[in-house]
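In UniProt numbering, the protein residues as written are 1 to 378.
These notes concern the structure reproduced below.
Structure below.
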């Protein structure tokens, strides 16, 4: 166990976080140390991660460790780093913890800046204090705002139109500035990869792990799954049919959650490569002025509209969805479809799973857990 590299995963109980944790475990190279305040997730997800790891690797599979800590509590974060300081320390951080609803972010902006930006600064300060110099940051396609070029390359201007998107762009800037200053003034390396992801969907193929938020789901697909199972009784609303898209509804780039989780592993493994190695992702960066910072899109490169997704879930579930068309939400942009070519070229990232598999795995998780993790049918 001591040979494994410890990776702190903030927000590791959440939908994306738990699938990243299980992917880390299955490499048998990394030991995930999970930091989460359980605001929008359940500790049960971590037990499922451990169970899946034992199923696939045997009884001696590495097991994740949970610390119930709020990202804004600097002393508590320092306590976690202190705990491992004399036993190899924490090698890297995968930073996912954040408030994440685009619409809500315009209603409670101070909460979003406090959690997403101030919380990230607390984390970065602690990393520096304990000489932890590798980070994979969970960014978002929303940093691009309403880009002119579709599919969106990483060279597109960062011009977020929502509070949520602005918090992600700000944290990217903070990380980049931190890396830049350290490279210039300390001749040291603070190595960072920002993964700008698009719309994750689906669940672990075992059906043991999936999206289980507290309260009503904020994302379209889990909402559709809960409606089909009878768990969610509210009216389905389609926010706007007047966007400049083929059917007038928003277009998004959906990728399977396990593909997205694998993208995090690839980013982490890229940080293992020495900067002097010709294959390093920092090889073509002027690190003396720009630091050790890269940003990559994680998407499938294929856009699907809201109505496309409703139809896909109808096919997967057999449920006849009825919906009401209402006005646009603040911050929604017409089309966010990735150009994933750079991530494929430099990280080896390819989102292989198709839409049918995403919907099938999501529905499998929902039917096994009609009322959440506590109601598992198998």
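Yeah, the Cβ is synthetic: ideal placement off N, Cα and C, and Gly gets one too.
Rounded separation between residue i and residue j - CA only
i           : j           : result
residue 59  : residue 31  : 15 Å
residue 14  : residue 100 : 11 Å
residue 89  : residue 190 : 16 Å
residue 278 : residue 284 : 9 Å
residue 309 : residue 83  : 45 Å
residue 217 : residue 269 : 32 Å
residue 35  : residue 329 : 32 Å
residue 123 : residue 246 : 42 Å
residue 267 : residue 261 : 10 Å
residue 341 : residue 274 : 23 Å
residue 293 : residue 239 : 36 Å
residue 225 : residue 349 : 28 Å
residue 377 : residue 265 : Because residue 377 sits at a pLDDT of 48, beneath the cut-off of 50, its placement in the model cannot be relied upon, and the following sentence gives the value as read from the coordinates. Distance between the alpha carbons of residue 377 and residue 265: 31 Å.
residue 302 : residue 79  : 43 Å
residue 61  : residue 50  : 8 Å
residue 8   : residue 29  : 14 Å
residue 168 : residue 369 : 32 Å
residue 81  : residue 63  : 18 Å
residue 92  : residue 241 : 43 Å
residue 188 : residue 289 : 13 Å
residue 76  : residue 314 : 45 Å
residue 5   : residue 161 : 38 Å
Minimum C-alpha distance to residue i - residue among the options
i           : options            : result
residue 317 : 364, 353, 300      : 364
residue 331 : 6, 256, 106, 65    : 106
residue 192 : 69, 154, 295       : 295
residue 215 : 16, 40, 25         : 40
residue 57  : 25, 81, 38, 129    : 25
residue 223 : 371, 125, 165      : 371
residue 304 : 220, 51, 171, 232  : 220
residue 386 : 97, 161, 127, 239  : Nothing can be reported for residue 386: it is not among the residues displayed for the chain, which extend from 1 to 378.
residue 74  : 126, 50, 42        : 126
residue 65  : 276, 91, 33        : 33
residue 231 : 367, 63, 86, 29    : 367
residue 233 : 151, 321, 280      : 321
residue 311 : 369, 243, 272, 228 : 228
residue 287 : 346, 339, 176      : 176
residue 166 : 139, 155, 16, 151  : 139
residue 103 : 27, 72, 327        : 327
residue 306 : 199, 289, 374      : 199
residue 338 : 280, 183, 153      : 153
residue 195 : 42, 344, 5, 373    : 344
residue 12  : 249, 71, 109       : 71
residue 134 : 271, 248, 244, 87  : 271
Neighbour-count burial assignment, residue i, 16 or more Cβ in a 10 Å radius
i           : result
residue 2   : Because residue 2 sits at a pLDDT of 49, beneath the cut-off of 50, its placement in the model cannot be relied upon, and the following sentence gives the value as read from the coordinates. Answer is exposed; the Cβ neighbour count stays below 16.
residue 178 : buried
residue 300 : buried
residue 157 : exposed
residue 352 : exposed
residue 235 : exposed
residue 68  : exposed
residue 185 : exposed
residue 10  : buried
residue 380 : Residue 380 lies beyond the range of the chain shown here (1 to 378); nothing can be said about it.
residue 38  : exposed
residue 181 : exposed
residue 298 : buried
residue 361 : buried
residue 52  : buried
residue 131 : exposed
residue 237 : exposed
residue 208 : buried
residue 94  : buried
residue 325 : exposed
residue 151 : buried
residue 213 : buried
Residue i: CB within 6 Å of a non-hydrogen atom of the ligand COA
i          : result
residue 77 : Ligands displayed in this structure: none; no statement on the ligand COA is therefore possible.
* Counting pairs of beta carbons, one from the region 255 to 271 and one from the region 339 to 357, are three or more of them closer than 8 Å? -> yes
* Does the region 145 to 164 touch the region 326 to 346, meaning 3 or more C-beta pairs lie closer than 8 Å? -> yes
* Counting only runs that start and end within the region 193 to 253, where is the beta strand (DSSP E) found for 3 or more residues in a row? -> 199 to 201, 236 to 239
* **Sequence ranges, alpha helix (DSSP H) only - wholly within the region 263 to 343, length at least 4** => 287 to 290, 306 to 317
* To do: Say whether the region 16 to 27 touches the region 38 to 46, bearing in mind that this needs 3 or more beta-carbon pairs closer than 8 Å, one atom from each stretch.
  => yes
* Could I get the ranges of all uninterrupted alpha helix (DSSP H) runs contained in the region 341 to 372, with 4 residues as the minimum, in chain order? => 341 to 347, 355 to 368
* In chain order, each beta strand (DSSP E) run of at least 3 residues that lies wholly inside the region 10 to 42 -> 30 to 36
* Asked: What are the uninterrupted segments assigned as beta strand (DSSP E) that are 3 or more residues long and contained completely in the region 112 to 155, given in chain order?
  -> 134 to 140
* To do: Jot down the residue ranges of each uninterrupted alpha helix (DSSP H) in the region 74 to 113, minimum 4 residues, whole runs only, in chain order.
  => 74 to 84, 102 to 105, 109 to 112
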